[in-house]
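Sequence order for the protein chains is L and F.
The opening position of the first sequence corresponds to residue 1 in our numbering, with each subsequent residue numbered one higher.
The opening position of the second sequence corresponds to residue 1001 in our numbering, with each subsequent residue numbered one higher.
I have placed the structure first, in the form of structure tokens, so that the comments after it can refer back to it.
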Amino acid sequence: MPPEAPLLEARGVTRAFGAQRALRGVDLRLDAGDAVAVAGPNGAGKTTLLRILAGLMRPTAGEVHLADGRTPRDPAARRRVGLLSHQSFLYDDLTARENLRFTGRLYGLPDAAARTERALEEAGLAARADDPVRQLSRGMLQRVAIARALLHDPAILLLDEPFTGLDVPSAARLRGLLADQRAAGRGLVIVTHHLAEAWGFATHVAVLVRGRWARIGPRPDSLEAFLAGYQELVDA
Amino acid sequence: MPEAVRSALAIAGKDLRLEFRTRTALLSAFVFAVLTLLVFNFSRDQSLISTADLAPSALWITVAFGAVVAMNRAFIIEREQGAFDALLLAPVPRGAIYWGKFLANLAFVGLVEALTLPLFVLFFNVPLGRALPGLLATLVLATIGFVAVGTILSAMVVRTRFAELMLPVLILPFMVPPLIGAVQVTARLLGGRPLTEVLGWLRLLVTYDVVFVTLCTLAFTAVVDE
């Protein structure tokens, strides 16, 4: 990765839950235009890592800071981070449009209404915009959740299993969207069990095992060759 | 408008919209208040306990428990789909989140009180007359105090397994001072005593409000941050 001005840098991040250590000294540098695909077995600490990078959780040891030295817990820094979680972060009894407008107001977007309409169009949900999100299918809900995470145009995108529940055209559309985001200079961290989905636009591939990087580096040329060696990395 | 104020109003507006769409907490709190007033009214022996003796306590017990039912929902709606994390991720001061929830709770509890008061007059046949302005001021002051505490406590208990049960247990001790003050003021006002006689109690309510609204605003960050 290039040496100067990372969008986000984590150094020695460790997180313990009682006696259980979920992360053990994880380092990560995310530069503009980087897309790091993070794989790993269940319980490896991937979601904990994303929550710490987003500022939702404090590391037990180590530090995370953004380009200007602020931590992600700083209110001004939070504007630069977008998180897509396992949970949708949406209110079931509000419509898709109301959920997005509320997010726009929270982020102080001057054009919240226009951005909401644009996001609904891009998500292919304009026709269902006034339905409560509890009436949407799993895939549609995921599309609204993705639109919510991107609404404020964050420089850093943290995505936990973004392809979950999406049908083939929606997954293809998301891959295109994320490739565009990367090309526009955003930094992406994508946690996924399905590396093939992120392979096309990832610049780096990392494997987290028992709270440590088993591998982190530029994306290899061959997905098949990487997957062939994946289990060896996990078992090492 | 400062950003923190705008964020607090956005959160309060969202909570009100959600509540008026589902009416879960309001309806529960109102039914609870009606039942409480009914029980108080029909379970007493009127020859032993006069209306004047029972009415102030009945009003405030009804209001207090109705408020707990209404406030319980404040953060439970954020727990569904992890929406509370989305609030914490947003670039708004934690104090603005507290004030948004506080304002929404004030509106809920105020509405429950507005619906309860006419029923109280009906059931207990108390002539409010000159006592009404003083009683309304007491309702406002006491409500601000225990809603301030209830809002932060509901944020504290929302991540526990039995949040709905924990809030009443934790909040009742904090409700005692404003409830004592409110009952004392109400008894005197309904007894036709002048407002000047209850100024000391009203000062106590104001002091409680200032102290707890300030403390809760400052402490909210520590409560919600991991």
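Here a beta-carbon is modelled for each residue, glycine too, at the ideal position from N, C-alpha and C.
Since this is a predicted model, take the numbers as computed values, not measurements.
- Residue 1036(F) and residue 209(L) have their C-alpha atoms some 57 Å from each other.
- In this chain, the beta strand (DSSP E) harbouring residue 216(L) covers 212 to 218.
- Residue range 8 to 17 is occupied by the beta strand (DSSP E) that includes residue 16(L).
- For residue 1076(F), the closest Cβ of chain L is not nearer than 9 Å.
- Of the residues assessed, residue 1043(F) falls on the exposed side of the cut-off, its CB having fewer than 16 other CB atoms within 10 angstroms.
- Inclusion of residue 1110(F) and residue 1217(F) in the CB contact set at 9 Å is not warranted, their separation being larger than that value.
- If you check the CB distance, residue 13(L) and residue 64(L) come in under 9 Å.
- In the three-state reduction of the DSSP assignment, residue 181(L) falls in the helix class, which pools H, G and I.
- With 16 or more neighbouring CB atoms inside 10 Å of its own CB, residue 1015(F) falls in the buried class.
- Going by DSSP, residue 39(L) is part of the beta strand (DSSP E) stretching over 35 to 39.
- Annotated as proximal: residue 149(L) and residue 84(L), with beta-carbon spacing under 9 Å.
- Here residue 68(L) carries a coil assignment [DSSP, helix/strand/coil].
- Between residue 1148(F) and residue 1187(F), the alpha-carbon positions lie close to 24 Å from each other.
- Residue-level contact by beta carbon fails for residue 1144(F) and chain L, as no gap is shorter than 9 Å.
- Shown here for residue 1070(F): same chain residues with a beta carbon closer than 6 Å to its own, the five before and five after excluded, namely 1025, 1029, 1108, 1109 and 1112 in chain order.
- What residue 75(L) touches in chain F, judged by beta-carbon distance under 8 Å, is 1091, 1092 and 1093, going in chain order.
- By the criterion of a C-beta distance shorter than 8 Å, residue 26(L) is surrounded in its chain by 10, 12, 13, 14, 45, 49, 62, 208, 211, 212 and 213, once the five residues flanking it on both sides are discounted.
- According to DSSP, residue 1095(F) shares a beta bridge with no other residue.
- When the beta-carbon positions are compared, residue 1010(F) and residue 106(L) come within less than 9 Å of each other.
- Per the C-alpha coordinates, the member of 1077(F), 1050(F) and 1049(F) positioned closest to residue 1105(F) is 1077(F).
- Residue 88(L) is positioned such that its CB atom lies closer than 9 Å to that of residue 141(L).
- Within its own chain, the residues whose Cβ lies closer than 6 Å to the Cβ of residue 1166(F), once the five positions on either side in sequence are excluded, are 1157 and 1160, listed in chain order.
- In the DSSP annotation of this structure, the continuous segment of the alpha helix (DSSP H) that includes residue 1009(F) starts and ends at 1003 to 1022.
- When DSSP states are grouped into helix, strand and coil, residue 1049(F) belongs to the coil group.
- Boundaries cannot be given for residue 1195(F), as no alpha helix (DSSP H) includes it and DSSP labels it neither H nor E.
- The shortest CA-to-CA distance from residue 24(L) to any of 60(L), 56(L), 33(L) and 143(L) is the one to 60(L).
- Considered as a whole, the region 64 to 122 of chain L harbours 81 to 84 as its complete beta strand (DSSP E) runs of no fewer than 3 residues, in chain order.
- A straight-line Cα-Cα distance of about 6 Å links residue 76(L) and residue 1091(F).
- Just measuring C-alpha positions, the residue of 86(L), 78(L) and 79(L) sitting nearest residue 1080(F) is 86(L).
- Using a C-beta cut-off of 8 Å, the region 174 to 194 of chain L makes contact with the region 149 to 164 of chain L, since at least three inter-stretch Cβ pairs fall below that distance.
- Note on the region 1077 to 1153 of chain F: whole alpha helix (DSSP H) runs with a minimum of 4 residues are 1083 to 1089 and 1094 to 1124, in chain order.
- Annotated three-state conformation of residue 59(L) is coil, per DSSP.
- A straight line joining the alpha-carbon of residue 1180(F) with that of residue 19(L) spans about 46 Å.
- Straight through space, the alpha carbons of residue 1124(F) and residue 1041(F) are spaced by roughly 7 Å.
- Rounded to whole angstroms, residue 1087(F) and residue 71(L) show a C-alpha spacing of 17 Å.
- Residue state for residue 130(L) is assigned as coil, using DSSP reduced to three classes.
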